[in-house]
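Asker:
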């Protein structure tokens with residue numbers, strides 16, 4: 001993006017400012033506040049690009065000036081200016097739009113003073129102020145937005161103090177507060193939001209005590225507590241949330257015992273439990289969740305027995321069972337899931353016979369089978385999956401012989417064939433919209 005392009009973006013905003021009847025405006029991710037200044041020295045090397053130099057930019061006030069023009073649009077009810085390097089002055093201009101009910105000002109540079117300006121928009125029902133370094137001091141200003149129903153405040157280091165302020169927003173039904181240094185005390189504050197039906201606390205540190213507090217949110221339907229150190233005891237607390245439809249409890253050191261607790265959530269239709277310590281007994285517990293249509297159980301240790309239990313989930317349409325050591329015999333069980341449209345079975349040593357079983361899943365449109373040593377014979381079986389639009393066959397000892405099989409997949413839009421032995425003459429270039437890695 002050159003300097004003239006940044007100028008054009010600001011000019012466009014000036015022209016938009018004349019459209020005084022606008023009620024909806026989205027100019028997100030235009031990087032208006034960046035100015036191209038040249039290229040780095042020295043050169044870098046990339047195997048894909050060869051020698052190249054990185055473009056360099058500097059911050060400008062162009063995004064703030066654009067906001068000044070936008071502030072004339074007093075009929076706006078919806079505004080998205082995310083990703084434009086806007087500062088606190090830009091936020092001050094945005095605060096002059098009294099009719100706004102929806103504002104996404106995420107991933108700018110407004111800081112805590114910007115949050116103070118945004119707090120002057122009392123009609124807001126939706127606010128995304130993620131990635132603005134507002135901290136707990138900036139969050140305190142947002143406590144006056146009593147009409148808010150949905151708040152996204154990710155990547156702001158709000159901590160316990162910010163969580164306490166948010167707890168005063170009693171009308172909230174949806175909250176995202178990922179990457180915010182929220183601990184068990186912060187979770188206790190958030191548990192006061194009795195109307196929440198959607199909560200995302202990914203990458204915090206609420207622990208098992210924080211999970212106990214969250215379990216008080218009786219109407220919660222969607223919960224993401226990825227990477228929060230809740231463990232099996234935390235999973236037991238979470239199992240009290242009987243209204244849950246979707247749960248992400250990834251990377252939490254949950255074992256078979258924790259999976260047993262989760263199995264009480266009979267209304268779950270979506271479960272992400274990847275990266276834990278689940279074995280075949282845990283898979284047995286999970287197999288009782290008959291309403292599941294989405295399951296990610298990758299990066300566990302369920303092996304062949306676990307695959308057999310997972311095959312008893314007849315409603316599954318999307319399954320990620322990668323990195324579980326299920327091998328060829330396990331893939332035979334997975335082939336029973338006849339309504340699957342998306343399958344990731346990567347790094348399971350299923351080989352060519354496993355590929356033969358997977359080829360029975362004729363409803364598949366998405367398949368990741370990388371790192372399974374299926375070879376050319378395995379690729380021949382996979383070529384029978386005519387509905388595929390996405391296929392990852394990387395690291396499978398496939399040669400140019402398989403080109404004649406791959407081109408049978410006429411609906412393919414994306415293909416990853418990296419780390420095989422297929423040359424450019426292999427026919428891959430004939431695909432409609434391939435992604436060749």
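Residue numbers (full-length UniProt numbering): 1 to 437. The beta carbon of each residue, even a glycine, is placed where N, CA and C say it ideally should be. Just so it is clear, the structure is predicted and the values come from calculations on it, not from any experiment.
What whole-angstrom Cβ distance do residue 232 and residue 210 have, given they're in contact under 8 Å?
Answerer: Residue 232 to residue 210, Cβ: 15 Å. No contact.
Asker: Contact check, residue 17 vs residue 62 under 8 Å by CB: the rounded distance?
Answerer: The pair is not a contact, with the Cβ atoms about 14 Å apart (cut-off 8 Å).
Asker: Near residue 149, what residues of its chain come up, given a Cβ to Cβ distance below 8 Å and the 5 sequence neighbours on each side ignored?
Answerer: For residue 149, where only same-chain residues beyond five positions count, the Cβ hits under 8 Å are 125, 126, 171, 172, 173, 174.
Asker: For the beta strand (DSSP E) that contains residue 108, what are its first and last residues?
Answerer: First-last for residue 108: undefined, no H or E at that position.
Asker: Output the distance between the C-alpha atoms of residue 1 and residue 69, rounded to the nearest integer angstrom.
Answerer: Because residue 1 sits at a pLDDT of 37, beneath the cut-off of 50, its placement in the model cannot be relied upon, and the following sentence gives the value as read from the coordinates. Looking at the two C-alpha atoms, the distance is approximately 22 Å.
Asker: If residue 269 and residue 291 are in contact, beta carbons under 8 Å, what's the gap, nearest whole angstrom?
Answerer: Their Cβ separation, rounded to whole angstroms, is 5 Å, which keeps residue 269 and residue 291 in contact under 8 Å.
Asker: Along the chain, where does the beta strand (DSSP E) that runs through residue 39 open and close?
Answerer: Looking at the DSSP string, the run of the beta strand (DSSP E) that includes residue 39 is 34–39.
Asker: Under 9 Å, do residue 111 and residue 33 count as touching if we go by C-beta distance?
Answerer: No; because the gap between Cβ atoms is not below 9 Å, this pair is not in contact.
Asker: For residue 95 and residue 31, I'd like the C-alpha separation in whole angstroms.
Answerer: So the two alpha carbons sit approximately 20 Å from each other.
Asker: So what does DSSP say about residue 241, is it helix, strand or coil?
Answerer: Residue 241 falls in the coil class under three-state DSSP.
Asker: Below 8 Å, how does it come out for the segment 359–376 and the segment 341–348: are there three or more Cβ pairs, yes or no?
Answerer: Taking 8 Å as the limit for Cβ pairs, the verdict is that the segment 341–348 does touch the segment 359–376.
Asker: Quick one, are the C-beta atoms of residue 108 and residue 131 less than 9 Å apart?
Answerer: The answer is yes: Cβ separation under 9 Å.
Asker: Expressed to the nearest angstrom, what Euclidean distance is found between the alpha-carbon atoms of residue 138 and residue 336?
Answerer: Approximately 53 Å, taken between the alpha carbons.
Asker: Can you have a look at residue 425 and say buried or exposed, based on whether 16 or more other CB atoms are within 10 angstroms of its CB?
Answerer: Low per-residue confidence applies at residue 425: pLDDT is 42, beneath 50, and the placement is therefore not dependable, though the value from the model is reported in the following sentence. Exposed, since its Cβ has fewer than 16 Cβ neighbours within 10 Å.
Asker: Would you list the residues sitting across from residue 152 in a DSSP beta bridge?
Answerer: Answer is 128, 176, bridged to residue 152.
Asker: By the DSSP assignment, the alpha helix (DSSP H) with residue 164 in it spans what residues?
Answerer: Here the alpha helix (DSSP H) through residue 164 covers 159–166.
Asker: Within this structure, are the beta carbons of residue 154 and residue 83 separated by less than 9 Å?
Answerer: Cβ distance not < 9 Å, so residue 154 and residue 83 don't count as in contact.
Asker: Just curious, the alpha helix (DSSP H) that residue 403 is in, first and last residue?
Answerer: Residues 403–406.
Asker: Exposed or buried, residue 100, counting other C-beta atoms within 10 Å across all chains shown (16 or more means buried)?
Answerer: Buried, because 16 or more other Cβ atoms sit within 10 Å of the Cβ of residue 100.
Asker: For residue 90, collect the residues of the same chain with a Cβ closer than 6 Å to its Cβ; drop the 5 residues on either side in sequence, then sort them by chain order.
Answerer: Result list for residue 90: 63, 64, 67, in chain order.
Asker: Output yes or no for whether 9 Å exceeds the beta carbon distance between residue 303 and residue 279.
Answerer: Yes, the Cβ-Cβ distance between residue 303 and residue 279 is below 9 Å.
Asker: Between residue 307 and residue 326, is the Cβ-Cβ spacing less than 9 Å?
Answerer: Yes; because the gap between Cβ atoms is below 9 Å, this pair is in contact.
Asker: Between the alpha carbons of residue 205 and residue 190, how many angstroms are there, rounded?
Answerer: Answer to the nearest angstrom: the Cα atoms are 14 Å apart.
Asker: Just to confirm the assignment, what range does the beta strand (DSSP E) spanning residue 367 have?
Answerer: Start and end: 366–368.
Asker: Kindly indicate which residue of 227, 256, 145, 214 has the alpha-carbon position closest to the one of residue 242.
Answerer: The candidate whose alpha carbon is nearest that of residue 242 is 214.
Asker: If you draw a straight line from the alpha carbon of residue 311 to that of residue 193, how long is it in whole angstroms?
Answerer: Their Cα atoms are separated by approximately 38 Å.
Asker: Tell whether a beta-carbon distance below 9 Å holds between residue 438 and residue 286.
Answerer: An answer regarding residue 438 cannot be provided, because it is not within the stretch 1 to 437 covered by the chain.
Asker: Can you tell me where the beta strand (DSSP E) holding residue 28 begins and where it ends?
Answerer: Premise fails: residue 28 is in no beta strand (DSSP E) and is neither H nor E.
Asker: Kindly list the residues whose CB is nearer than 6 Å to the CB of residue 97, restricted to its own chain and excluding five residues on each side of it in sequence; keep chain order.
Answerer: The answer, listed in chain order, is 76.
Asker: So which of 219, 375, 157, 388 has the shortest CA-CA distance to residue 195?
Answerer: The shortest Cα separation from residue 195 among 219, 375, 157, 388 belongs to 219.
Asker: Apply the 10 Å Cβ neighbour rule to residue 346 and answer buried if 16 or more other Cβ atoms are within range, or exposed otherwise.
Answerer: Buried.
Asker: With a cut-off of 8 Å on the beta carbons, I'd call residue 85 and residue 102 a contact; round off their distance for me.
Answerer: About 21 Å; that fails the 8 Å criterion.
Asker: Have a look at residue 313 and residue 226 and give me their C-alpha separation to the nearest angstrom.
Answerer: Their backbone Cα atoms lie some 23 Å apart in a straight line.
Asker: Shortest alpha-carbon distance to residue 133 belongs to which of 140, 156, 152?
Answerer: With distances taken between Cα atoms, residue 133 lies closest to 156.
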